[in-house]
Ligand SMILES: [Mn+2]
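Numbering (the working numbering), first residue to last: 2 to 375.
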């Protein structure tokens with residue numbers, strides 16, 4: 002007997018995206034909702050029987066009414082699929098949480114501390130651990146009575162394999178190996194692991210469903226496939242409407258400002274449309290090629306932010322001897338730069354100040370310049 006599953010985690014619906022304008026933040030929240038709905042459609046196509054959500058479905062214990070309603074409708078639209086949700090450290094099951102206040106349909110089970118749901122018709126037991134506060138200092142994979150019989154035993158939980166001092170449900174590989182489950186569906190770590198094995202127990206982090214910042218770059222996935230008693234086949238599936246990437250682009254040799262931007266646009270073109278890309282521009286360029294963070298706004302398929310770490314190529318001997326404000330500024334800055342260690346933070350700041358100062362003194366506009374940490 003086998004069962005078709007989808008395993009996802011760390012969707013972080015309703016993330017605030019505080020660094021953005023209200024409409025920019027809303028666009029990103031919409032992308033997360035669309036990603037989740039795309040996974041629901043995957044479940045419909047693949048006739049998924051168990052849909053496992055291993056924590057942090059929401060970014061906080063609260064959700065907007067619209068998001069809760071969207072989920073409810075999604076769950077209702079797949080009546081033959083059973084949903085198991087294990088609240089995590091971001092969305093613990095508290096009195097006032099969305100899990101307590103939303104009325105999800107009967108094909109949805111939300112775990113609260115340790116529980117087990119038997120599904121004899123599928124030959125499966127689904128165990129789960131639901132956080133009831135944002136802190137959990139005990140292993141979330143231990144403490145269950147797992148019968149050793151023909152039924153498939155699956156655990157759905159948020160848990161942290163990154164260290165014993167974690168307050169997010171510290172889990173060791175040994176805990177997993179001794180747990181007695183056939184599959185441990187984990188959540189919390191946003192980088193997917195693929196299916197791993199420990200002492201006969203299969204386990205995986207699917208990773209977050211879509212990237213939300215430059216800390217979460219690359220293709221994000223969920224896991225989809227079949228589980229049999231001694232055979233687990235899960236593949237990654239990507240449904241993300243939002244992807245982040247961070248690249249370095251050396252624009253040395255660009256013959257014009259336009260050419261420099263063209264080189265950046267080419268470097269970015271390998272990513273799917275809509276990807277949010279941070280490009281750190283490096284190399285030596287003519288001083289008039291100074292690039293602003295939003296230089297390519299509306300000019301590329303991707304959303305591109307440029308950090309300009311290029312060094313201007315300047316005719317130093319000319320400026321050095323110039324009897325102008327520009328010359329005086331240059332001589333002072335060079336003296337200061339010479340007094341600090343090259344490559345240090347101060348050095349980089351001074352180089353940037355020199356670059357911006359020369360631009361201003363050339364009466365060019367730098368109003369739009371600055372680092373962008375989105
Ligand atoms: Mn978490």
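Cβ coordinates follow ideal geometry from the N, Cα and C atoms, glycine included.
If you draw a straight line from the C-alpha of residue 262 to the C-alpha of residue 248, how long is it?
Taking the chain shown and counting its residues from 1, the one referred to as residue 262 is at position 261. Taking the chain shown and counting its residues from 1, the one referred to as residue 248 is at position 247. Near 14 angstroms, if we compare the C-alpha coordinates of residue 248 and residue 262.
Three-way DSSP call (helix, strand, coil) for residue 362 in this model
Taking the chain shown and counting its residues from 1, one reaches residue 362 at position 361. Helix at residue 362.
Check whether the Cβ of residue 376 sits closer than 7 angstroms to any heavy atom of ligand 1, and report yes or no.
Since the first residue shown for the chain is 2 and the last is 375, residue 376 is missing from the structure and cannot be characterised.
Alpha carbon to alpha carbon, what distance is there between residue 153 and residue 372?
As a first step, residue 372 is located in the chain shown; it is residue number 371 there, counting from the start. As a first step, residue 153 is located in the chain shown; it is residue number 152 there, counting from the start. A caution first: residue 372 carries a pLDDT of 44, below 50, which makes its placement in the model too unreliable to give a value.
Considering only heavy atoms of ligand 1, does any lie closer than 7 angstroms to the CB of residue 8?
Against the chain shown, residue 8 aligns to sequence position 7. Taken from the Cβ of residue 8, every heavy atom of ligand 1 lies 7 angstroms or farther away.
Going along the chain, which residues put their C-beta within less than 7 angstroms of some heavy atom in ligand 1?
11, 56, 57, 89, 90, 91, 159, 169, 188 and 189
Have a look at 110, 163 and 166 and flag the residue whose alpha-carbon is nearest the alpha-carbon of residue 157.
For the purposes of this step, residue 157 is taken as the residue at position 156 of the chain shown. Here the closest residue by C-alpha is 110.
Presumed contact (8 angstroms Cβ cut-off) between residue 10 and residue 55, rounded CB distance:
Along the chain shown, one-based indexing puts residue 10 at 9. Along the chain shown, one-based indexing puts residue 55 at 54. Between the beta-carbon of residue 10 and that of residue 55 there is about 4 angstroms, and that keeps the pair under the 8 angstroms contact cut.
Given this structure, state the Cα-to-Cα distance separating residue 369 from residue 193, to the nearest angstrom.
Locating residue 369 in the chain shown gives position 368, where the first residue counts as 1. Locating residue 193 in the chain shown gives position 192, where the first residue counts as 1. Low per-residue confidence applies at residue 369: pLDDT is 47, beneath 50, and the placement is therefore not dependable enough to give any value.
Spatial neighbours of residue 19 within its chain, please: C-beta separation below 8 angstroms, excluding the five flanking residues on both sides.
As a position in the chain shown, residue 19 is number 18, starting the count at 1. 26, listed in sequence order.
Residue 250 versus residue 145: straight-line alpha-carbon distance, rounded:
Translated into positions along the chain shown, residue 250 becomes position 249. Translated into positions along the chain shown, residue 145 becomes position 144. Approximately 51 angstroms between the Cα atoms of the pair.
Can you have a look at residue 90 and say buried or exposed, based on whether 16 or more other CB atoms are within 10 angstroms of its CB?
Here residue 90 is taken as the residue at index 89 of the chain shown, counted from 1. By the 10 Å Cβ count, residue 90 comes out buried.
Is residue 40 helix, strand or coil by DSSP?
Position 39 of the chain shown, counted from the start, is the residue given in the question as residue 40. In this structure, residue 40 counts as helix in the three-state DSSP scheme.
Out of 121, 358 and 97, which has the shortest C-alpha to C-alpha gap to residue 329?
Position 328 of the chain shown, counting from 1, holds the residue named residue 329. Looking at the Cα atoms, 358 is the closest of the given residues.
Please confirm if the segment 127-137 is in contact with the segment 92-101, defined as three or more CB-CB distances below 8 angstroms between the two stretches.
Output reads yes: the segment 92-101 touches the segment 127-137.
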